[in-house]
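First up is the structure itself, then whatever we jot down about it.
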Amino acid sequence: MNGKNQKISVITVCYNAVDSIEETIKSVINQTYDNIEYIIIDGGSTDGTIDIIKRYSSHINYWISERDNGIYDAMNKGIAIASGSYMYFLNAGDTFYNEFVVDKLFKDKNSLCVVYGNVIRSNNRVIYGGKFSRFRLSYENICHQSIFYPAKVLKNFQFDTTFKILSDWALNMKLWKKYTFHFIDTIIANYEGGGVSEFKMDPSFNRLHRYLIWKNLGIDVYIFNIGYSLIQKIKEVFISQCGTNSIN
């Protein structure tokens, strides 16, 4: 399959992002890949974000500004509109690593293969990524700025909006059971970081985390995760005690 024949839908979700949306837009429209569909879902911004979007409207295939029920509701709106073979989410504040990213990735890809790579933190230039396994996915997620989903997959599954912050993690665990995840060792995006998802403050997800592991990744991964979590807690206690003792 020739990558040039595949339409790639890039979806940007934003809200009151006047200070960052322009760089995100530029990084998309400057891609050398010649078959990108660009969609922006704005949550009803009032800070000038819409003025910037309008400035680039000739490069944007579809955009809308209206209230939503959270980031995953907005992302699902983008999925419903998108018509590409693959979908990718690059939200306000994040940018593609360079103008060749999409061109490099989509030469020949199976349309039912989830493609992912690495991201780099904008603030400290630390790379996050590497190849995932079932075991690794049980305790940390593939960064959504590094992953391209086949459209057929997202049209069938979408994001569960009962999870307000970590729905992409829940989705990735569900998809791991059904589809091939193909890692490409390249940097996909500059990731702004610092979002609430980094602190895992999603009570609905946290309550079901182990159930999702059991159901989608297997009982062996479930048992592994219990042991892994216990070891992490012991380490935290040890580090805390050492810190206290050093002060005393």
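Read in this note's numbering, the sequence shown has 169 at position 160, and its numbers run on one by one without any break.
Note that CB positions come from ideal geometry on N, CA and C, so glycine has one too.
- For Thr41, there is no enclosing alpha helix (DSSP H), since its DSSP letter is neither H nor E.
- Asp177 carries a helical assignment under DSSP once its states are collapsed to helix, strand and coil.
- Nearest in C-alpha terms to Ser94, of all of Ala179, Tyr237 and Asn44, is Asn44.
- With contacts defined by Cβ atoms closer than 8 Å, Val128 and Tyr200 form a contacting pair.
- For the pair Asp77 and Ile50, the Cα-to-Cα distance works out to about 9 Å.
- Per the Cβ contact rule, the region 142 to 154 is not in contact with the region 61 to 78 (fewer than 3 Cβ pairs under 8 Å).
- By the C-beta density criterion, Ile30 is buried, having at least 16 other C-beta atoms within 10 angstroms.
- Between the region 132 to 140 and the region 162 to 174 there are fewer than three C-beta pairs closer than 8 Å, too few to call the two in contact.
- A distance below 7 Å between beta-carbons, with the five flanking residues on each side excluded, links Ala91 to the following residues of its chain, in chain order: Ser18, Ile20, Glu46, Ile48 and Ala160.
- In this structure, the straight-line span from the alpha carbon of Ile34 to that of Asp194 is close to 25 Å.
- Here DSSP, grouped into helix, strand and coil, assigns Asn199 to strand.
- In the three-state DSSP reduction, Asp51 falls in the strand class (E or B).
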